[in-house]
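In the working numbering, the protein residues as written are 339 to 628.
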């Protein structure tokens, strides 16, 4: 079921809100490109070089993640080839982009911590002096503490992808997790809750049924490796809000781990459509958006 309305059919307040959001994401990206030379492989802390509420930023192939206390924004990028220059090569002078935002409804994050710092330092000296930052390190892991009472989220930066999981303390209620997904052209849960499918103007991907388990309870995990007791889990959508369902329940005395089986990674672009409204933009290497 396609829930997206063309931009001009949105209420005027909605048009303004989405336009501002898309412009902010594009400004954040353009304001960051080129400041640190080669893109760092990991999460970079926002020390004032980007606008708030961004806390960390990470590059993943042709995509960028912006992490804040209660939302994650995923900016996909797809190169637009220029005409052949005569030597048989096509050059990429502009990019198309599409932003997805995952907001955690009702969350009250305590803090965000980073781990796995690399040895390289990155400096950002573009724009007003008040936005300069230096000696920043890239981290492989982030933990969003207290996303909900008794629940934290862990994000890890891998070579070509981004991984996330939810860590639920004993006695905490995982049904608190409610992810509002904004910006998708099509969003659905398929195969009786076993797959989450998301389509954007630049392509599509899906998440398989999460691997959910409880450490400390005897059980066997994937490939015979013991991770604790496996827990049955399904995706569920209420409008554009995603949450998790546990048809067979779980033991609230033990910690619960929700670990989706596919990662958010850059898309190769499965044919972009023309109706790209509020979340699509193209820009060249000089920072000119159009």
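From the three backbone atoms N, C-alpha and C, an ideal C-beta is built for every residue, glycine too. Note that the structure is predicted; figures quoted are calculated from it, not measured.
Expected contact under 8 Å - CB spacing of residue i and residue j to nearest Å
i, j, result
"residue 525", "residue 575", "7 Å"
"residue 521", "residue 396", "About 18 Å; that fails the 8 Å criterion."
"residue 394", "residue 384", "6 Å"
"residue 451", "residue 495", "Actually they are not in contact, since the Cβ atoms of residue 451 and residue 495 sit about 14 Å apart, beyond 8 Å."
Pair within 8 Å by beta-carbon distance, residue i and residue j
i, j, result
"residue 440", "residue 410", "yes"
"residue 513", "residue 554", "no"
"residue 542", "residue 533", "no"
"residue 516", "residue 463", "no"
"residue 419", "residue 406", "no"
"residue 589", "residue 552", "yes"
"residue 433", "residue 417", "yes"
"residue 502", "residue 382", "no"
"residue 570", "residue 582", "no"
Option in the options with minimal Cα separation from residue i
i, options, result
"residue 476", "453, 466, 467 and 468", "453"
"residue 531", "539, 598 and 482", "598"
"residue 595", "415, 533 and 509", "509"
"residue 580", "519, 549 and 539", "519"
"residue 389", "448, 465 and 460", "465"
"residue 379", "391, 434 and 458", "458"
"residue 523", "492, 538 and 517", "538"
"residue 586", "492, 550 and 470", "550"
"residue 449", "492, 474, 502 and 471", "492"
Continuous beta strand (DSSP E) stretch holding residue i: start and end
i, result
"residue 533", "533–538"
"residue 419", "409–419"
"residue 580", "579–583"
"residue 546", "541–546"
"residue 635", "Because the chain in this structure spans residues 339 to 628, residue 635 falls outside the shown range and cannot be described."
"residue 388", "Careful: residue 388 lies outside any beta strand (DSSP E) and carries neither H nor E."
"residue 507", "Run containing residue 507: none; DSSP gives neither H nor E here."
"residue 395", "394–398"
"residue 518", "517–520"
"residue 572", "572–576"
"residue 443", "Careful: residue 443 lies outside any beta strand (DSSP E) and carries neither H nor E."
"residue 597", "594–597"
"residue 379", "Residue 379 -> no beta strand (DSSP E), and no H or E assigned at all."
"residue 527", "524–528"
"residue 569", "Segment: none, residue 569 is in no beta strand (DSSP E) and carries neither H nor E."
Test: residue i CB closer than 8 Å to a CB of chain C
i, result
"residue 508", "Here there is only one protein chain, and chain C is not present."
**Study point:** Those runs of the beta strand (DSSP E) which lie wholly inside the region 447–505 and span at least 3 residues
**Key:** 449–462, 471–486 and 489–495
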